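Residue numbers (this note's numbering): 1 to 86. Where is the CB? At the ideal position from N, CA and C, for every residue including glycine. The structure presented is a predicted model; accordingly, all values stated were derived computationally and were not measured.
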Amino acid sequence: DASSIGLTESNQNIIEGNAAFIHQGNWAAGAYRNAEDFNYNEDWGFKTYPGSENMYMLHFDSFLYPSDNPSPEATETFLSFVGSEA
Numbered sequence: 001d002a003s004s005i006g007l008t009e010s011n012q013n014i015i016e017g018n019a020a021f022i023h024q025g026n027w028a029a030g031a032y033r034n035a036e037d038f039n040y041n042e043d044w045g046f047k048t049y050p051g052s053e054n055m056y057m058l059h060f061d062s063f064l065y066p067s068d069n070p071s072p073e074a075t076e077t078f079l080s081f082v083g084s085e086a
């Protein structure tokens, strides 16, 4: 489903029991806490990455593009813009 559904629908699949797990960050907790009858430590929880116990790991947003991108120069220009302080 990674290439065919969005974040909201992915989270909804978890809430409705249509998916077993999802690779998410701590921001997903808001969607889960707001769901009726979907309780933390009963219906959902989290698991840290192996070796990261007792650590808070930062996450960074990323913009990716495929290696066979038909317009790599335009993509690089766009990524430079969104990654700038302008």
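query, result
"Suppose you measure from the CA of Q24 to the CA of S71; what does that come to, to the nearest Å?", "30 Å"
"Helix, strand or coil, according to DSSP, for Y65 in the structure here?", "coil"
"Taking 9 Å as the cut-off, decide whether the C-beta atoms of Y32 and I14 are in contact.", "yes"
"Would you report the Cα separation of P66 and G83, rounded to the nearest angstrom?", "18 Å"
"For Y49, does the three-state DSSP call read helix, strand or coil?", "coil"
"Go ahead and label W44 buried or exposed: buried means 16 or more other beta carbons lie within 10 angstroms of its beta carbon, across all protein chains shown.", "buried"
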